[in-house]
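Have a look at the structure below, then the notes.
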Amino acid sequence: MIEILSPTDVLRAKETGALVAGILQTLKSRCVVGTNLLDIDRWAQAMITEAGAQSCYVDYEPSFGRGPFGHYICTSVNDAVLHGLPYDYSLVDGDLLSLDLAVSHGGVVADSAISFIVGDMRPPESVALIDATERALQAGIAAAGPGVRIGDISHAIGSVLSAAGYLINTEFGGHGVGSTMHQDPHISNTGRPGRGYRLRPGLLLALEPWVMADTATLVTDADGWTLRSVTGGRTAHSEHTIAITDDGAEVLTLPTP
Numbered sequence: 001m002i003e004i005l006s007p008t009d010v011l012r013a014k015e016t017g018a019l020v021a022g023i024l025q026t027l028k029s030r031c032v033v034g035t036n037l038l039d040i041d042r043w044a045q046a047m048i049t050e051a052g053a054q055s056c057y058v059d060y061e062p063s064f065g066r067g068p069f070g071h072y073i074c075t076s077v078n079d080a081v082l083h084g085l086p087y088d089y090s091l092v093d094g095d096l097l098s099l100d101l102a103v104s105h106g107g108v109v110a111d112s113a114i115s116f117i118v119g120d121m122r123p124p125e126s127v128a129l130i131d132a133t134e135r136a137l138q139a140g141i142a143a144a145g146p147g148v149r150i151g152d153i154s155h156a157i158g159s160v161l162s163a164a165g166y167l168i169n170t171e172f173g174g175h176g177v178g179s180t181m182h183q184d185p186h187i188s189n190t191g192r193p194g195r196g197y198r199l200r201p202g203l204l205l206a207l208e209p210w211v212m213a214d215t216a217t218l219v220t221d222a223d224g225w226t227l228r229s230v231t232g233g234r235t236a237h238s239e240h241t242i243a244i245t246d247d248g249a250e251v252l253t254l255p256t257p
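Sequential numbering of the sequence shown, starting at 1, is according to the UniProt record's numbering.
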């Protein structure tokens with residue numbers, strides 16, 4: 001299903017996007033050496049509940065996971081890149097942590113992810129991974145607009161990731177959002193320009209470039225959810241929800257300065 005939102009629903013989406021961005025930035029500020037992933041999940045739950053919003057993850061039970069997910073946020077550490085199931089682990093200096101959060105508020109969903117390094121260490125490989133996904137995300141956003149095709153966004157994202165030297169997995173990528181978290185169209189992180197669905201004002205898209213240091217192959221943890229690099233190399237993931245407008249695209253999940 002591809003859902004085109006009314007102007008009123010897009011305004012609600014902006015509110016949801018601001019909520020998601022605020023929660024992620026608060027969580028990032030609290031993530032220090034010694035922080036436990038289960039505490040991050042509890043903090044996310046408290047903030048979502050306080051806002052009168054609903055988690056998109058707790059009851060999430062897709063075919064590829066061992067559901068329901070049962071937690072409020074995805075916490076992926078180091079070689080984990082997607083769907084990281086929170087567990088009893090305390091962060092150490094230099095860990096690369098990705099937080100992925102999707103929330104529904106006022107009947108509209110926003111979805112965003114950030115990757116950052118915990119503590120004082122700055123491993124060059126981790127810095128490069130994060131930088132590549134953030135630049136690819138910006139390229140995808142810049143390519144989006146009315147009349148643009150999905151392949152144009154995929155090509156913009158993939159060009160940045162490939163130029164940075166990373167292999168690209170096409171099993172998981174961006175997607176439409178609206179009244180539910182995952183909708184059509186699928187947005188691969190690489191593709192051919194001029195192909196695919198033509199974007200229309202009122203369409204919400206979650207763009208999410210992610211990469212692994214030295215492979216494009218994923219392996220699923222015994223928890224049935226967490227997706228890791230098959231080589232154990234580090235990973236990064238960046239995501240924003242955008243709304244297609246009459247004259248371009250608006251990012252709904254930007255943090256407030």
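Where is the CB? At the ideal position from N, CA and C, for every residue including glycine.
Give me the Cβ distance between residue i and residue j, rounded to the nearest whole Å; I'm assuming they're in contact under 8 Å.
| i | j | result |
| --- | --- | --- |
| residue 191 | residue 158 | 6 Å |
| residue 35 | residue 91 | 5 Å |
| residue 41 | residue 73 | 6 Å |
| residue 215 | residue 167 | 6 Å |
| residue 141 | residue 251 | 6 Å |
| residue 178 | residue 108 | 7 Å |
For residue i, does the count of other Cβ atoms within 10 angstroms reach 16, so buried, or fall short, so exposed?
| i | result |
| --- | --- |
| residue 257 | exposed |
| residue 195 | exposed |
| residue 93 | exposed |
| residue 61 | exposed |
| residue 147 | exposed |
| residue 75 | buried |
Of all the options the options, which has the alpha carbon lying nearest to the alpha carbon of residue i?
| i | options | result |
| --- | --- | --- |
| residue 64 | 253, 246, 243 and 223 | 223 |
| residue 163 | 44, 16, 241 and 211 | 211 |
| residue 266 | 179, 154 and 165 | Shown here, the chain extends from 1 to 257; a query on residue 266 therefore has no answer. |
| residue 259 | 43, 205, 28 and 59 | Given a span of 1 to 257 for the chain in the structure shown, any question on residue 259 remains unanswerable. |
Could you give the distance in angstroms between the alpha-carbon of residue i and the alpha-carbon of residue j?
| i | j | result |
| --- | --- | --- |
| residue 87 | residue 71 | 10 Å |
| residue 80 | residue 96 | 9 Å |
| residue 46 | residue 149 | 39 Å |
| residue 14 | residue 51 | 14 Å |
| residue 16 | residue 138 | 21 Å |
| residue 18 | residue 98 | 19 Å |
| residue 25 | residue 129 | 20 Å |
| residue 89 | residue 59 | 23 Å |
| residue 78 | residue 31 | 14 Å |
| residue 5 | residue 104 | 14 Å |
| residue 219 | residue 7 | 41 Å |
| residue 242 | residue 136 | 14 Å |
| residue 143 | residue 156 | 7 Å |
| residue 230 | residue 100 | 21 Å |
| residue 29 | residue 152 | 35 Å |
| residue 43 | residue 57 | 15 Å |
Look at residue i and residue j and say whether their C-beta atoms are less than 7 Å apart.
| i | j | result |
| --- | --- | --- |
| residue 244 | residue 209 | no |
| residue 181 | residue 102 | yes |
| residue 237 | residue 126 | no |
| residue 82 | residue 172 | yes |
| residue 203 | residue 21 | no |
| residue 174 | residue 248 | no |
| residue 113 | residue 3 | no |
| residue 170 | residue 188 | yes |
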